[in-house]
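Position one of the sequence shown corresponds to residue 5 (the working numbering), numbered consecutively onward. Here is the structure we will look at, set down as structure tokens.
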Amino acid sequence: MNNTFGHEYSLFPFEAFSFQHLMMIVILIGGTILLYAKKNYLKEHDKAVRILMFLSLFVLEAMYHIWLFKDGYWDISFTLPLQLCSLSLILCLILLTTKSKFIFQIVFYIGITGATMAVITPELFLGFPHFRYFQFFITHIFIIWTCFYFWMIHEYSPNGKGLIMSFLFLNGSACLAFAANRMTGGNYMFLAFKPSNASLLNYFGPFPYYIVTLEGAALFFFFLLLVICNKVKLKEIQR
Numbered sequence: 005m006n007n008t009f010g011h012e013y014s015l016f017p018f019e020a021f022s023f024q025h026l027m028m029i030v031i032l033i034g035g036t037i038l039l040y041a042k043k044n045y046l047k048e049h050d051k052a053v054r055i056l057m058f059l060s061l062f063v064l065e066a067m068y069h070i071w072l073f074k075d076g077y078w079d080i081s082f083t084l085p086l087q088l089c090s091l092s093l094i095l096c097l098i099l100l101t102t103k104s105k106f107i108f109q110i111v112f113y114i115g116i117t118g119a120t121m122a123v124i125t126p127e128l129f130l131g132f133p134h135f136r137y138f139q140f141f142i143t144h145i146f147i148i149w150t151c152f153y154f155w156m157i158h159e160y161s162p163n164g165k166g167l168i169m170s171f172l173f174l175n176g177s178a179c180l181a182f183a184a185n186r187m188t189g190g191n192y193m194f195l196a197f198k199p200s201n202a203s204l205l206n207y208f209g210p211f212p213y214y215i216v217t218l219e220g221a222a223l224f225f226f227f228l229l230l231v232i233c234n235k236v237k238l239k240e241i242q243r
């Protein structure tokens with residue numbers, strides 16, 4: 005039990021695209037399909053579902069910081085909520101509480117894009133069955149599910165204005181992350197250097213050029229997400 009909450013990284017190595025990794029990708033895809041299949045049931049129990057999702061995100065994130073702090077590993081160089089998915093998590097908590105369409109427009113793009121990339125190419129050093137393994141994947145998957153939940157069940161529609169707002173929010177957050185990196189020696193949003201694990205950034209050129217490429221990639225994925233969602237909605241209307 006203690007080992008699964010310890011900091012001995014060699015005891016629980018994580019390997020990308022191993023069974024333990026693919027299992028979480030399958031859960032993400034399967035759960036997303038289930039959201040759509042059970043949307044009428046979920047709509048009837050909306051309040052309970054939102055409370056469950058809120059508590060799952062909040063408790064797991066709080067446990068992560070407690071886990072780091074109690075053993076002296078909490079450090080401002082990587083624990084401030086300045087990673088894209090940390091910001092998305094906070095926005096999801098606000099969305100689940102307020103059902104704000106304004107918040108939805110922002111988090112839909114950055115939440116799905118950022119968390120999906122994190123699930124596919126995770127910056128993770130502790131594998132199954134360690135606490136951090138479950139905390140990492142569950143929070144990222146729930147960020148994606150929260151965005152899809154409001155799109156499918158509440159029928160919120162992402163739009164072009166939301167895409168622009170999300171992109172501006174991303175760049176504003178990146179400015180804060182850049183400043184924090186200079187002050188703390190951290191690597192928030194991977195603006196100081198590329199992650200050590202394999203990721204899309206490996207194909208985006210050397211520092212600092214990959215940051216510009218990353219901007220273009222974010223805009224591309226945001227636009228792709230908007231097009232796909234609009235096509236799905238159009239097909240539903242035509243039925």
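The beta-carbon is built from N, C-alpha and C at its ideal position, and this holds for glycine as well. Just so you know, these numbers come straight off a predicted model, no measurement behind them.
Cβ-Cβ distance between residue i and residue j below 9 Å
i	j	result
Ile114	Phe173	yes
Lys237	Ser161	yes
Lys43	Met156	yes
Phe224	Gly166	no
Thr143	Tyr45	no
Phe106	Val123	no
Phe135	Thr8	yes
Ala178	Leu195	yes
His11	Asp75	yes
Leu72	Thr83	yes
Leu230	Asn175	no
Lys103	His158	yes
Thr125	Arg54	no
Residue i (DSSP reduced to helix, strand or coil)
i	result
Phe211	coil
Gln87	coil
Tyr160	coil
Asn185	helix
Lys237	helix
Phe227	helix
Leu195	coil
Tyr4	The shown model of the chain, from 5 to 243, leaves out residue 4, and the question about it has no answer.
Phe146	helix
Ser200	coil
Asn6	coil
Glu48	helix
Ser104	coil
His134	coil
Ser22	coil
Glu65	helix
Leu128	coil
Gly190	coil
Lys42	coil
8 Å contact criterion, which residue i and residue j should meet: CB distance rounded
i	j	result
Tyr40	Leu130	The pair is not a contact, with the Cβ atoms about 32 Å apart (cut-off 8 Å).
Phe171	Phe208	The Cβ separation is near 17 Å, so there is no contact.
Leu32	Ala184	Contact flag wrong, Cβ pair sits at about 29 Å.
Glu127	Pro17	About 14 Å separates the two Cβ atoms, so there is no contact after all.
Gln139	Leu64	5 Å
Gly118	Ser92	6 Å
Ile116	Cys151	5 Å
Ala202	Ala20	6 Å
Ile110	Leu95	6 Å
Gln24	Phe132	4 Å
Contact with chain B by residue i, beta-carbon distance below 9 Å
i	result
Thr125	Protein chains in the displayed structure number just one, and chain B is not present.
Proximity test, residue i beta-carbon vs the ligand NAP heavy atom, cut-off 8 Å
i	result
Asn7	This structure does not include the ligand NAP; it has no bound ligands of any sort.
If we count Cβ pairs, one from each stretch, closer than 8 Å, do we get three or more for the segment 219 to 234 versus the segment 137 to 153?
Contact between the segment 219 to 234 and the segment 137 to 153 is not established, with fewer than three Cβ pairs separated by less than 8 Å.
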